[in-house]
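Just so you know, the sequences run in chain order A and B. Going by UniProt numbering, the first sequence runs without a break in its numbering and finishes at 335. Going by UniProt numbering, the second sequence runs without a break in its numbering and finishes at 335.
2 protein chains.
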Amino acid sequence: MKVTIKDVAREANVATSTVSRVLSNSHKISDKTKERVNEAIKKLNYTPNIIARGLANSKTRILAVILPKEAEDIFSNPFFVQAMKGISIYAQKENYYIMYAFKQEEKDDKEWFNKFIDSNLVDGICLLNSKENDDTIKYLNDIEFPFVVIGRPDEINNVLWVDNDNVKAMYDLVQTLIDYGHQNIAFIGAKSNLNVSKDRLRGYKQALLGNGIEVKGDLVYEAEEFTQSNGSFAADRILSQNKPTAIVATDDLLAFGVQEVLNKLEIKDISVVGFNNIPMSEYQNPSLSSVDINSEKLGFYASKLIIDKLEEKGNSQNSYIIETKLIERDSIKKV
Amino acid sequence: MKVTIKDVAREANVATSTVSRVLSNSHKISDKTKERVNEAIKKLNYTPNIIARGLANSKTRILAVILPKEAEDIFSNPFFVQAMKGISIYAQKENYYIMYAFKQEEKDDKEWFNKFIDSNLVDGICLLNSKENDDTIKYLNDIEFPFVVIGRPDEINNVLWVDNDNVKAMYDLVQTLIDYGHQNIAFIGAKSNLNVSKDRLRGYKQALLGNGIEVKGDLVYEAEEFTQSNGSFAADRILSQNKPTAIVATDDLLAFGVQEVLNKLEIKDISVVGFNNIPMSEYQNPSLSSVDINSEKLGFYASKLIIDKLEEKGNSQNSYIIETKLIERDSIKKV
DNA sequence: TTGTATGCGTTATCAA
DNA sequence: TTGATAACGCATACAA
Numbered sequence: 001m002k003v004t005i006k007d008v009a010r011e012a013n014v015a016t017s018t019v020s021r022v023l024s025n026s027h028k029i030s031d032k033t034k035e036r037v038n039e040a041i042k043k044l045n046y047t048p049n050i051i052a053r054g055l056a057n058s059k060t061r062i063l064a065v066i067l068p069k070e071a072e073d074i075f076s077n078p079f080f081v082q083a084m085k086g087i088s089i090y091a092q093k094e095n096y097y098i099m100y101a102f103k104q105e106e107k108d109d110k111e112w113f114n115k116f117i118d119s120n121l122v123d124g125i126c127l128l129n130s131k132e133n134d135d136t137i138k139y140l141n142d143i144e145f146p147f148v149v150i151g152r153p154d155e156i157n158n159v160l161w162v163d164n165d166n167v168k169a170m171y172d173l174v175q176t177l178i179d180y181g182h183q184n185i186a187f188i189g190a191k192s193n194l195n196v197s198k199d200r201l202r203g204y205k206q207a208l209l210g211n212g213i214e215v216k217g218d219l220v221y222e223a224e225e226f227t228q229s230n231g232s233f234a235a236d237r238i239l240s241q242n243k244p245t246a247i248v249a250t251d252d253l254l255a256f257g258v259q260e261v262l263n264k265l266e267i268k269d270i271s272v273v274g275f276n277n278i279p280m281s282e283y284q285n286p287s288l289s290s291v292d293i294n295s296e297k298l299g300f301y302a303s304k305l306i307i308d309k310l311e312e313k314g315n316s317q318n319s320y321i322i323e324t325k326l327i328e329r330d331s332i333k334k335v
Numbered sequence: 001m002k003v004t005i006k007d008v009a010r011e012a013n014v015a016t017s018t019v020s021r022v023l024s025n026s027h028k029i030s031d032k033t034k035e036r037v038n039e040a041i042k043k044l045n046y047t048p049n050i051i052a053r054g055l056a057n058s059k060t061r062i063l064a065v066i067l068p069k070e071a072e073d074i075f076s077n078p079f080f081v082q083a084m085k086g087i088s089i090y091a092q093k094e095n096y097y098i099m100y101a102f103k104q105e106e107k108d109d110k111e112w113f114n115k116f117i118d119s120n121l122v123d124g125i126c127l128l129n130s131k132e133n134d135d136t137i138k139y140l141n142d143i144e145f146p147f148v149v150i151g152r153p154d155e156i157n158n159v160l161w162v163d164n165d166n167v168k169a170m171y172d173l174v175q176t177l178i179d180y181g182h183q184n185i186a187f188i189g190a191k192s193n194l195n196v197s198k199d200r201l202r203g204y205k206q207a208l209l210g211n212g213i214e215v216k217g218d219l220v221y222e223a224e225e226f227t228q229s230n231g232s233f234a235a236d237r238i239l240s241q242n243k244p245t246a247i248v249a250t251d252d253l254l255a256f257g258v259q260e261v262l263n264k265l266e267i268k269d270i271s272v273v274g275f276n277n278i279p280m281s282e283y284q285n286p287s288l289s290s291v292d293i294n295s296e297k298l299g300f301y302a303s304k305l306i307i308d309k310l311e312e313k314g315n316s317q318n319s320y321i322i323e324t325k326l327i328e329r330d331s332i333k334k335v
């Protein structure tokens, strides 16, 4: 039989409420009873029943991580697992539990969310959506359910979010390339409707303009999907019209495609840089330089934001900008 | 305010117990009250409180998925996310919830597990360990807590598990290569102490012997880790001693390393096949053939095993063998 | 500082 | 077939 607070109370010769107080470290309790109770707890190997506790104070300390139903890259992009890792690190530190679920079809979206929400199972939600400007953000906002988003949403008011500064990340990258002597730099992106895409393109343009370099249309290509084949296609396209000395891609998979083309054409003097720094990048030929977006930290601070809010820790911000880091490898050549 | 069973009872003019019965579809309840209650439920938009329900019948319908603390490949190997997806599909179908957690340090392992178990939060555990013969398997078995393992454990008695038939998977692969005319086939593995490694090596040997082909020591190399660089090292080693027409690797990352060496040496007539069919394989040059282990299905049936056990659905088996499938791509050449 | 009693939202037992 | 009520394990308002 499970040992309950009653057993501990009996063992320590106190009331259950006293045990409860010791558990929550109430300050108005004498040291000696505190000690006695703690002894009993240890002796009986007592662990509080989370469910009962949850019922009593209508808080479960459970978070739900919502994964995209079928992001094309959820299996190839380590972002998701890394973010989940980061989330769990802070959560565990704060004694929170984490559930996960893959998002459902659009139509029964609300109904499905309510299963989590109305059932009182989770205290907060962490959205790992790839799609931005999601209906669910609006919905959760409307019903005032606590949630946090990884990726800056369009409507910022009242929503917790954490993201990289994608303008700056790309700006810094391009600036570095310019510092290395590159003047003719191409840009390959995908999903141009995403904020992250827009921001990275903006950073690219700003860096060029900031250095008095013209932004040329034939050096910019935005593909449909973040895939290797789209990257190859884009590279072919750009190379047929211009001869850049460097190509930046907003995703490593795109960059892989670029490298594939360059290798096939035996072009060795074009630098390539990707984004996300997925594990495979290191093993490309040449090893691919990439901007690491710090996925684990994104998750960590998302977790922190939502938990701090739930715990009503006062002075908490409502967003974090996570720094990125250019990992320089062989694919960057100085001119 | 949340709407509870009481509100429904009042609305429908019945007792709470009646509502509860309707909820659980009790057969001894008149159709007309059933209808009346259901109307009230719909009208008030009532959703049962999972926590209260959990307390009342000491079952939460929550499963916990335990991920390895830091498997070297947890971020690069899509297995984990795919398995989690599979787990969630069956779980959702059966109205189960899923939590996840990364395994902790060895030392406070038990203590950490007890947080899940003694706290009555989860009904069952799903182990996604890479390490086999894990202490936790013994522990969970000892305390008789329901769990399922992906990957056949050493001690099979009473433990639920799901796995591929790794002997057969490799046997079939090698047999296919032999059918294609290959006679000199090399084997590259890693972590030789794992069951999966042993099984795949066994399958390799059986296929060769079954075809009257001698197993040569200089065609077999077992590396430390499942990494690309280890694959390269192994390929170098083997090529320095022998000249196989095909190389099978027990992991795609190893195979990537093999391909890297072959490309560098401009060898085009050696077939290469990997295992796990990670997304990148398709984009290798040449595209890498690989044995797909059906991760999602592994997860699905793991979920099914543990849930069926919890639901005490009688005639359930205690293990499933999930079929594998050779995905043939350009890296396989007929001799 | 500690104990008593009540409630959290369900399910289950016992009566009716 | 339905209703009243006692659990489930814990937290807390109120008393002492």
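We put the beta carbon where it would ideally sit given N, CA and C, even for glycine.
Indicate whether at least one CB of chain A lies closer than 8 Å to the CB of residue i.
i: B/LEU121; result: yes
i: B/ILE322; result: no
i: B/GLN206; result: no
i: B/SER319; result: no
i: B/ILE327; result: no
i: B/PHE300; result: no
i: B/GLU260; result: yes
i: B/ILE74; result: yes
Compare the Cα-Cα distances from residue i to each of the options and report the closest residue.
i: B/LEU23; options: B/THR47, B/ASN13 and B/LYS32; result: B/THR47
i: B/SER290; options: B/MET170, B/ILE51 and B/ILE41; result: B/MET170
i: A/ALA186; options: A/ILE306, A/SER303 and A/GLY217; result: A/GLY217
i: A/ILE188; options: A/ALA235, A/HIS27, A/ASP142 and A/GLN206; result: A/ALA235
i: B/LYS304; options: B/LEU288, B/SER287 and B/ILE322; result: B/ILE322
i: B/ASN38; options: B/ALA9, B/ILE156, B/GLU222 and B/TYR100; result: B/ALA9
i: B/VAL118; options: B/LYS198, B/LEU127 and B/PRO146; result: According to the sequence displayed, residue 118 of chain B carries Asp and not Val. Taking only the C-alpha atoms, the option nearest B/ASP118 is B/PRO146.
i: residue 337 of chain A; options: A/THR136, A/THR4 and A/GLN259; result: This structure cannot settle anything about residue 337 of chain A, because the visible part of chain A is limited to 1 through 335.
i: B/GLY151; options: B/ALA83, B/GLN259 and B/THR60; result: B/ALA83
i: B/ASN263; options: B/LYS103, B/GLN241, B/LEU288 and B/ASP251; result: B/LEU288
i: A/THR60; options: A/SER319, A/LEU326, A/GLN317 and A/LEU310; result: A/LEU310
i: A/VAL159; options: A/ASP165, A/LYS138 and A/THR227; result: A/LYS138
i: B/GLY299; options: B/VAL14, B/ASN141 and B/VAL148; result: B/VAL148
i: A/ASN324; options: A/ASP165, A/THR18 and A/SER26; result: Before going further, note that residue 324 of chain A is Thr rather than Asn in the sequence given. A/THR324 has its Cα closest to that of A/ASP165, out of A/ASP165, A/THR18 and A/SER26.
i: A/ALA249; options: A/ILE270, A/TYR90 and A/ASN114; result: A/ILE270
i: A/VAL167; options: A/GLU144, A/LYS198, A/ASP7 and A/ILE178; result: A/LYS198
i: B/LYS2; options: A/SER58, A/GLU111, A/GLN206 and A/ILE306; result: A/SER58
i: A/LYS268; options: A/SER281, A/LEU239 and A/LYS333; result: A/LYS333
Taking 8 Å as the threshold (beta carbon to beta carbon), is residue i in contact with chain B?
i: A/VAL81; result: yes
i: A/PRO68; result: no
i: A/ASN294; result: no
i: A/PRO78; result: yes
i: A/MET84; result: yes
i: A/ILE306; result: no
i: A/ASP330; result: no
i: A/ASN114; result: yes
i: A/ILE188; result: no
i: A/ALA101; result: yes
How many whole angstroms separate the CB atoms of residue i and residue j, which I take to be in contact at a CB cut-off of 8 Å?
i: B/LEU63; j: B/ILE74; result: With a Cβ gap of about 19 Å, B/LEU63 and B/ILE74 do not count as contacting.
i: A/VAL65; j: A/TYR180; result: Contact flag wrong, Cβ pair sits at about 39 Å.
i: B/PRO286; j: B/SER232; result: Wrong, their Cβ atoms sit about 17 Å apart, outside the cutoff.
i: A/ALA190; j: A/GLU225; result: 6 Å
i: A/GLY203; j: A/VAL174; result: 7 Å
i: B/ARG36; j: B/ALA12; result: 5 Å
i: B/SER319; j: B/ASP308; result: Their Cβ separation, rounded to whole angstroms, is 12 Å, which puts B/SER319 and B/ASP308 out of contact at 8 Å.
i: A/PHE102; j: B/SER88; result: 6 Å
If you measure beta-carbon to beta-carbon, which residues of the segment 125 to 151 of chain A are closer than 8 Å to chain B?
Near chain B, meaning a CB-to-CB distance below 8 Å, no residue of the segment 125 to 151 of chain A qualifies.
By the 7 Å beta-carbon criterion, what residues does the UniProt domain "HTH lacI-type" (3 to 57) of chain B contribute toward chain A?
Within the UniProt domain "HTH lacI-type" (3 to 57) of chain B, the residues whose Cβ lies closer than 7 Å to some Cβ of chain A are THR47, PRO48, ASN49, ILE50, ILE51, ALA52, GLY54 and LEU55, listed in chain order.
Does the segment 172 to 186 of chain B come close enough to the segment 239 to 257 of chain B to have 3 or more Cβ pairs within less than 8 Å?
Counting Cβ pairs under 8 Å, three or more are found: they touch.
Residues from the segment 265 to 289 of chain B in contact with chain A, defined by Cβ distance under 7 Å:
Contacts with chain A (Cβ-Cβ distance below 7 Å) from the segment 265 to 289 of chain B involve PRO279, MET280, TYR283 and ASN285, listed in chain order.
Answer yes if the segment 33 to 43 of chain A comes into contact with the segment 51 to 61 of chain A, meaning at least three C-beta pairs across the two stretches below 8 Å, and no otherwise.
Remark: fewer than three beta-carbon pairs, one from each stretch, lie closer than 8 Å, so the segment 51 to 61 of chain A and the segment 33 to 43 of chain A are not flagged as touching.
Cβ pair count under 8 Å reaching 3, the segment 291 to 303 of chain A against the segment 78 to 87 of chain A
Flag = yes, the segment 291 to 303 of chain A and the segment 78 to 87 of chain A touch.
Taking 8 Å as the cut-off, does the segment 264 to 276 of chain B touch the segment 204 to 216 of chain B (at least 3 CB pairs, one atom from each stretch)?
No contact exists between the segment 204 to 216 of chain B and the segment 264 to 276 of chain B.
Using a Cβ distance threshold of 8 Å, determine whether the segment 79 to 96 of chain A contacts the segment 90 to 99 of chain B, with at least three qualifying pairs required.
As far as the Cβ criterion goes, the segment 79 to 96 of chain A does not touch the segment 90 to 99 of chain B, which means the pair count is below three.
Interfacial residues, the segment 226 to 258 of chain A to chain B, with Cβ spacing under 7 Å
Residues of the segment 226 to 258 of chain A with a Cβ closer than 7 Å to any Cβ of chain B, in chain order: GLN228 and PHE256.
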